[in-house]
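Here is the structure we will look at, set down as structure tokens.
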Amino acid sequence: MRYLPLNDEDRALMLARIGVKDIAELFADIPPDKRLEQALDLPCHKGEMEVERQFSALAAQNIAAGSVPFFIGAGAYRHHIPASVDHLIQRSEFLTSYTPYQPEISQGTLQALFEFQSEVAELTAMEIANASLYDGSTATVEAAAMARRITGRRKAIVSGGLHPHYAETLQTYAAMAGVDLLRLAPDVVATESLAERIDQETACVIVQSPDFFGHLRDHSKLAESCRAKGALLVAVFTEAVAFGLIEPPGTLGADIVAGEGQSIGNRLNFGGPYLGLFAARAQYLRQMPGRICGETLDRDGRRSFTLTLSTREQHIRREKATSNICTNSGLASLAFTIHLSLLGSAGLRRLARINHANAVDLAERLAAVPGVTILNKTFFNEFTLRIKGDASELVERMAEAGILAGVPVSRLLPGQGLEEFLLVASTEVNTDADRAAYAKTLQGVISC
Amino acid sequence: MLMPHGPSLEPAEPLVAEGKTFTGNRGLECEEGLIFEIGRIENTGVDLEEPPPFSERLGGLERKTPLRLPGLSEPEAVRHFVRLSRQNYAIDLGIYPLGSCTMKHNPRLNEAMARLPGLAEIHPLQPQSSVQGALELIAGLARWLAILTGMEAVAMAPRAGAHGEICGLMVIKAAMAARGEAQGRRIVLVPESAHGTNPASAAGVDFEVRSVPARADGILDPVAVKEGLGPDVAALMLTNPNTCGLFEKQIVEIADLVHAAGAYFYCDGANFNAILGKVRPGDLGVDAMHINLHKTFSTPHGGGGPGAGPVVLSGRLAPFAPVPFLRREKDQWRLVENLGEAPNSFGRIAAFHGQFGLFVRAYAYMLSHGGDGLRRAAEDAVLNANYVRAGLKDLMSEPFGDRSCMHEVLFDETWLKPFGLSALDFAKAMIDEGFHPMTVYFPLVVHGAMLIEPTETESKASLDLFIAALRDLALAVRRGETKRFEAAPKWAPRRRLDETRAARNPVLKWVNPAG
Amino acid sequence: MSATYYTKTHEYLRFDGDTGTIGITDFAQAQLGDVVFVELPPVGKTLTHGTEAATVESVKAAAEVNAPVSGEVTAVNLDLAQSPGLVNEDPLGRGWFLRLKIFDRAELDALLDEEAYREFLKTIS
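Chains as they are written, first to last, in my numbering: chain A, 1 to 448; chain B, 1001 to 1515; chain C, 2001 to 2125.
Take a look at the structure:
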């Protein structure tokens, strides 16, 4: 078996050295009536060729995003990743290394984390960022938990513009941890008003921009309302590229920022692994969850990096930890860092402009299709459109016609009368021809 | 050979002091600045075409806040990150004997499969009819996990082991609520030897933690468990084999006690590598167990993640599993995503469907090994750990006496103390020998724990060298070469770091010295 | 004339009149290692004996500091914010944590005196 170096001669020598006759003696503590005397009823080992065959067959049953015009977003976005990113994250020293608990031999990982934290802080215009969490949704939960710890209050107000999966994840946490969650109705046309709902029991108000429906929101007034009542503003995002073109949450008054970093450096991967970005005001440092990397010196006076402030974490604080998180998203954060290093400000700004330009172009074309209304006044690279009829059916028929047209809102918000709404994203991967094909096909499908 | 004649050179003054170089490099060992020091804001390593003029729809929210991110050309970026990578230890370089981490070889076939466009470039919210291959893969992996553990159902959503613990505890909480017992049962029993995530997870789900003391022989005492049980207890969290590398011999008795008290049995599956194919946790009375795909099933650690922690569930707990889960309908797979269709589910624990990229890798690992190979892997893992024990036990102290272990062997620092050295000093000296240290100071129930887990992918030759090197170090300790240990590591890219300084004056991001 | 009392959890209380100055002992600071942060209660807070008064963090550990007796916090050591290392350098002097106005002197009887604490240390070392 190609991954097992020991052969029978090795095993015999080793058993003799240990002083047992049979490997079974080393498993003697397993209750005899529970021991599996032979291998389980599972297929036998397979060579690489056979495994490849099976996987290719599975892959062939899926429609890959690159093979058709692709317009799906709703919290995960298809962007072009430069070839060197994937090449670099596969270097042995990055791919097969552990959490950097021995900093003397982990400066590669640690310096990359320091660069990552710096980039996240700069992108979001926040003072401090951590070394990543699992994804945007769990980062949002951590933000709510952190706001609760800081304020000592039990209530959280959740905007109707928050990604429904994120809101559901929050609801699960709230139910289990005794937090009162006020989740507003889906805010399809960005008309909700949050400020008047804040009171002295509110720990935080959780908002998203660009929101789930694509609208861009200015939270600066809301931030003031929060501050006036001693509550914290938690700003969430699902499309990190947006901040190459729109004001970041720090500028708009956020106290804690939680978001999804998948857009930069990481593939769609059918939903995971993704990358939780987390940032906050410096005064809340000790309440931050997750690993944090800091700069210091070594014994010879050389600049070095190390995981720090570990007393917040589970391995020291145990039940009093700020979070139970241990393994986070190391390699995904490295991919983000490499991609963003290649882009730089200039590249990110241009990439964001292309995204917006493509989305504007698509919106204009689709608005011209009879029976289609674009709901958004503002958007970045994703907007909501309304058709007469069932958007789920429309998406199926568009798929049959060879276009992955978007996400029906009712898939994430069923039973709320939103069956006519469709979320459409357009990034730099769409061509003019793609967008033309979308409009043409849509027109064809609608008129049938 | 004739040397060309030319003006003779004066012997040059040495440019730099002994041991130092001008660049700070030492041959192939590189020093490397930060991207903020190397890159320039105006530069970019990605060729993008400026879009033609368009009328923006930003509603006045165009970014005016400065954005100072350095850009690097591709040659600069590649060089930067390659030079950084060379300062890292990795399994591909050498043994990574971290107890509790199962640092086994990461098969490259897994990486290739994970990059097939049909698996990597699919969106979680595509029409389900367009991703049947992905759903089939998830179902296949879940089936293997269920068979290997003897359990009914698998929750695939958790993003890591700790996340799996939260998921398992939430399932238990929901089951208690369904019995009308949620209010009364607020306590979770956690052994003293447990990994820190256990009590942290329990607290995160609003349980109170009650500690179960360790027994002198290193395993859990049913009497101690019974004392802790009561009508206020929702669950016991146990790791098996435990964090001391020992199989919990009385686990069935303990499971029976837990069930008799009306509680559930949660198992931390971090050490599943020791018993794969040798015994099924379901047969031992486990109700829920998370499995670390990045440990037992070889998905890469990536410098700290990503991981995945699917949770296997007993028949009693299966109804309360989180969304989404898979359902077979006629001849199609369907992800059930909404609570409306899953009234008993406790809810959703993260967006989308789970760590699919890791599912691909773990499934490739399983198909490659087969049922026979997985069982062999467990046997080799346990054999390797016991071989290391046999090679070191005459020189290093064992907290629970001279007894065989499972997949990891636990020593403590008792033997170091008379020489004025600690487990940390010994660990740092291992770095100079070219090894990553073993896990130190965990589990906490032992003073100066030193936990070694070689895994099954170490060859006998690798282990022989490891053992010989550690014996040499141990003898150096006994010869009183204290200074050598206190000064270690000397040959790593960095000497010991000032961690106090890092914590007292946190510098957590780059600050432009120019302001 | 002040007297210093100790607890088995390594807090000390120096008693002057009706005020107690509280901190952690030399043994505790040595166990913790370099102190990096101290979280102190607000002035005016009422503490009950045995409950958490402050937290002290080192690089590798975090520990609760419990109130040896009940009282009202009258002062906290602001120097610790800038110089947490004072706890290591001079735990009984400049590394003090807080001052309490003691409610009930009788609670002092439950504490260890210097000799009893030294004896106790011998049993656990």
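Glycine included, C-beta positions come from ideal geometry on N, C-alpha and C.
Rounded straight-line distance, which links the Cα of residue j to that of residue i
i	j	result
B:Pro1319	B:Ala1090	41 Å
B:Met1237	B:Val1445	16 Å
C:Asn2066	A:Lys21	56 Å
B:Gly1304	B:Phe1411	26 Å
C:Ala2116	A:Ala156	51 Å
A:Asp390	A:Ala57	33 Å
B:Arg1375	A:Leu4	11 Å
A:His163	B:His1407	43 Å
B:Leu1015	B:Pro1493	Note that B:Leu1015 scores a pLDDT of 46, beneath 50, so its modelled location is shaky and nothing firm can be said.
C:Asp2104	A:Arg312	35 Å
A:Pro100	A:Thr306	8 Å
A:Ser447	A:Ser67	26 Å
B:Met1003	B:Phe1022	Because B:Met1003 carries a pLDDT of 39, less than 50, the predicted location of this residue cannot be relied on, and the following value inherits that uncertainty. Between B:Met1003 and B:Phe1022, the C-alpha separation is close to 30 Å.
A:Ile150	B:Leu1119	42 Å
B:Gly1285	B:Thr1197	22 Å
B:Ala1157	B:Pro1310	6 Å
B:Ala1255	B:Phe1265	6 Å
B:Phe1325	B:Ala1153	10 Å
B:Ala1216	B:Pro1399	9 Å
A:Gln283	A:Cys204	16 Å
C:Leu2108	C:Tyr2005	8 Å
A:Glu25	B:Ala1362	29 Å
C:Ala2081	A:Ala143	26 Å
B:Pro1437	A:Val188	54 Å
C:Thr2021	C:Trp2096	7 Å
Residue j beta carbon less than 9 Å from that of residue i
i	j	result
A:Ala277	A:Gly294	The residue asked about is misnamed: residue 277 of chain A is Leu in this sequence, not Ala. No.
B:Ile1166	A:Asn328	no
B:Thr1044	A:Arg350	yes
B:His1080	B:Glu1032	yes
C:Asn2088	C:Val2035	yes
A:Val234	A:Ala258	yes
A:Thr337	A:Val236	no
B:Gly1071	B:Glu1042	yes
A:Ile387	A:Val409	no
C:Gly2033	C:Ala2061	yes
Per-residue burial, residue i [other beta carbons within 10 Å of its own, 16 or more giving buried]
i	result
A:Phe380	buried
B:Arg1179	exposed
B:Thr1299	buried
C:Gln2031	exposed
A:Asp41	exposed
B:Asn1512	exposed
A:Glu247	buried
B:Lys1173	buried
B:Cys1267	buried
A:Ser193	exposed
A:Gln200	exposed
DSSP beta-bridge partners of residue i
i	result
A:Pro408	A:Leu422
B:Leu1335	B:Leu1326
B:His1290	B:Asp1268 and B:Val1311
B:Thr1439	B:Leu1451
A:Met398	Partner(s): none; A:Met398 has no beta bridge.
A:Phe278	A:Ala258
C:Thr2021	C:Arg2014 and C:Arg2099
A:Lys155	A:Asp180 and A:Thr202
C:Phe2037	C:Glu2057
Within chain D, partners of residue i - CB distance below 7 Å
i	result
B:Cys1101	Of the chains in the structure shown, none is chain D; the protein chains are A, B and C.
Residue i Cβ short of 8 Å to the ligand NAD heavy atom set
i	result
B:Ser1368	Looking for the ligand NAD in the displayed structure turns up nothing, as the structure carries no ligands at all.
Where are the alpha helix (DSSP H) runs, 4 residues long or more, that stay fully inside the segment 287 to 369 of chain A, in chain order?
-> 314 to 317 and 330 to 367
Ranges of the alpha helix (DSSP H) found wholly within the segment 1173 to 1218 of chain B, counting only runs of at least 4 | 1197 to 1204
Which runs of the beta strand (DSSP E) spanning at least 3 residues fall entirely within the segment 2043 to 2116 of chain C, listed in chain order?
-> 2052 to 2058, 2062 to 2066, 2071 to 2076 and 2098 to 2102
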